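To start, the structure itself, in structure tokens.
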Amino acid sequence: MSDRGEPTVAGWGNLAVPGRELLSEDLERATRAAVLSRGLGRSYGDSSLPPPSHREVVGTRLADRILHWDGQTGLLRAEAGFSLWEFNRLFLRRGWFIGSTPGTQFVTLGGMVASDVHGKGHHSHGCFGSRHVRSLRMRLPSGDLVECSPERDPELFWATVGGMGLTGHILEVECQTQAIPSPWIWSESERVDDIDQFIAGLKEAGKSWPFTVGWIDCLSRGKHMGRGLLDRGRWATPEETGGRSLPVTRRLTLPVMFPEWVLRWKLTTQAFNTMWYWRHVPRVKKKLCHPDSFFYPLDAILQWNRIYGRRGFTQYQCVLPEEAGHGAARRFLDLLTRRGGASFLCVIKDAAAEGQGMLSFLRPGISIAVDFAVRDDTQRLIDALNELVIAEGGRIYLSKDAFTRPDHYAAMDPRLPQFLAVRDRIDPQRVVRSAQSVRMFGDPP
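Position 175 of the sequence shown, counted from 1, bears residue number 175 in full-length UniProt numbering, the numbering being contiguous throughout.
Laid out in structure tokens, this is it:
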């Protein structure tokens with residue numbers, strides 16, 4: 001609710017706009033003439049928010065039925081509102097997993113397709129839509145119901161994968177899951193001294209470990225710039241687990257919004273970063289790890305986004321391509337710290353093959369994601385970061401964005417005209433649109 005008592009809808013960044021969700025178990029009926037669908041609202045910015053002239057979006061989370069499951073091959077077909085959390089609850093202990101799992105399991109299959117999500121295993125498992133989705137059932141902006149796949153209307157399929165929900169309403173998803181030897185992760189974590197070591201360590205670990213990720217202390221400067229903790233993981237063997245059963249994760253809830261000054265005070269972030277880095281006293285730690293704590297550590301605290309206060313927050317996530325060299329990450333961190341954008345949450349991941357979706361985010365290189373609270377100079381900070389990323393030949397992730405200017409995104413992604421041409425073909429009147437597409441692509445408000 002707004003201060004005036006009007007209903008609002010927001011993404012995970014708590015940047016709300018006037019509107020409400022229409023929830024229904026029957027997506028085929030609910031999406032008739034609808035302007036946009038959204039899942040669990042975990043995109044950070046405005047990609048799942050309604051345009052100014054339409055205040056109602058279809059919420060898919062009640063449409064969560066499994067339509068087909070093959071226990072021999074791991075082929076799954078489910079409604080778009082079926083969540084990754086529900087999949088893990090039902091199938092993880094039975095030996096199945098979705099390899100391209102993002103940093104939260106509170107996402108729907110439809111949202112995973114629209115964002116073409118990736119995770120700690122991008123170098124080994126690719127993106128979800130690009131590597132694991134076999135077919136989609138959709139309602140087009142024209143109202144027609146269609147099935148598409150890499151073989152059947154591939155242009156529509158690849159525009160939908162990573163297309164931010166702008167090609168129509170995803171009703172059903174068929175995807176391939178992966179068999180695993182146990183539900184536990186064997187992990188190693190290592191304290192790393194600087195960003196150059198970090199990138200070298202990520203690339204080396206990717207040769208033998210299917211899952212890698214790093215946390216960076218982005219307040220450190222000089223020779224320690226980019227110091228942090230590098231995590232490597234693989235599925236544990238039955239022998240390594242000792243037959244131990246996987247417990248259900250207990251979660252806490254952040255009950256109230258934090259005061260804005262908590263994270264605006266630099267010493268708060270500095271103290272957290274120093275403590276988190278030096279708590280890792282041995283340089284290398286090895287242990288058996290619950291998959292929730294390895295893949296989804298922030299899910300342990302429900303509503304953790306309230307820590308950023310009532311003005312909300314944004315995540316800036318970019319990919320810096322291999323051809324930019326290792327120095328690109330150092331230049332990015334230097335600009336970030338000089339501009340005062342450093343945060344306690346800065347994550348670096350290895351990026352491999354480019355996603356096949358027309359607007360899929362990743363390409364070979366490294367991905368850096370940093371969260372920061374919205375403040376008066378946030379737009380200037382995003383502009384400066386975008387200019388650097390453009391100069392390095394990189395691009396940003398639309399699922400996280402709320403501030404990028406249209407000309408900046410157009411300069412980052414030469415694939416954009418191809419995507420817009422597909423929309424011209426299937427939706428010339430821009431029936432399906434979002435607050436993000438109005439801001440970024442010039443759709444009618």
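Beta carbons: idealized from backbone N, C-alpha and C, even for Gly. Keep in mind that this is a model prediction, so the values were computed, not measured.
How many Å lie between residue i and residue j at the Cα?
| i | j | result |
| --- | --- | --- |
| LEU166 | GLU239 | 47 Å |
| VAL389 | ASP196 | 18 Å |
| ALA10 | THR31 | 20 Å |
| GLY163 | PRO414 | 15 Å |
| GLU56 | ALA421 | 26 Å |
| LEU36 | ILE382 | 26 Å |
| ASN88 | PHE97 | 7 Å |
| LEU336 | ASP153 | 42 Å |
Check for me: the alpha helix (DSSP H) holding residue i runs from which residue to which?
| i | result |
| --- | --- |
| VAL389 | 378-392 |
| ALA329 | 327-338 |
| ILE66 | Run containing ILE66: none in the alpha helix (DSSP H); it sits in the beta strand (DSSP E), 66-69. |
| ARG29 | 27-30 |
Could you round the C-beta distance between residue i and residue j to whole angstroms and report it? I think they count as a contact, below 8 Å.
| i | j | result |
| --- | --- | --- |
| MET138 | GLY168 | 5 Å |
| CYS318 | TRP215 | That belief does not hold up - the Cβ atoms of CYS318 and TRP215 are roughly 17 Å apart, past 8 Å. |
| PRO259 | GLY309 | 6 Å |
| GLY45 | ALA384 | At roughly 18 Å, the Cβ-Cβ gap does not stay under 8 Å, so GLY45 and ALA384 are not in contact. |
| VAL58 | LEU22 | 5 Å |
| GLY341 | GLY13 | 15 Å between Cβ atoms; not a contact. |
| PRO406 | MET440 | 5 Å |
Excluding five sequence neighbours on each side, which residues of the same chain lie with their C-beta closer than 6 Å to the C-beta of residue i?
| i | result |
| --- | --- |
| CYS289 | ILE185, SER187 |
| PRO51 | ARG433, ALA435, VAL438, PRO445 |
| SER43 | GLY11, SER399 |
| PHE211 | LYS120, GLY121, GLY233 |
| PRO183 | LEU92, ARG93, LEU246 |
| VAL213 | LYS120, ASP231, LYS349 |
| ARG77 | LEU67, HIS68, GLU174 |
| TYR296 | THR104, GLN105 |
| PRO291 | ILE185 |
For the beta strand (DSSP E) containing residue i, name the first residue and the last one.
| i | result |
| --- | --- |
| GLN303 | GLN303 -> no beta strand (DSSP E), and no H or E assigned at all. |
| GLU79 | 75-79 |
| ARG311 | No beta strand (DSSP E) contains ARG311, which DSSP labels as neither H nor E. |
| LEU230 | 228-235 |
Starting from the C-beta of residue i, find all residues in its chain whose C-beta is less than 7 Å away, skip the five residues before and the five after it, and write them out in chain order.
| i | result |
| --- | --- |
| LYS223 | ASP194 |
| TRP304 | LEU254, LEU298 |
| PHE294 | ILE185, SER187, GLY233 |
When you compare the CB positions of residue i and residue j, do they come within less than 9 Å of one another, or not?
| i | j | result |
| --- | --- | --- |
| HIS122 | GLN178 | no |
| THR253 | ASP299 | no |
| LEU140 | ASP427 | yes |
| GLN105 | SER83 | yes |
| VAL284 | ARG191 | yes |
| ILE199 | HIS326 | yes |
| MET112 | GLY95 | no |
| LEU362 | ALA352 | yes |
| VAL146 | MET358 | no |
| ARG339 | ARG380 | yes |
| ARG61 | LEU75 | no |
Please work out which residues of its chain come closer than 8 Å, Cβ to Cβ, to residue i, disregarding the five sequence neighbours upstream and downstream, and give them in chain order.
| i | result |
| --- | --- |
| THR378 | THR314, PHE372, PHE403 |
| LEU202 | THR212, GLY214, LEU230, ILE348, LYS349, ASP350, ILE366 |
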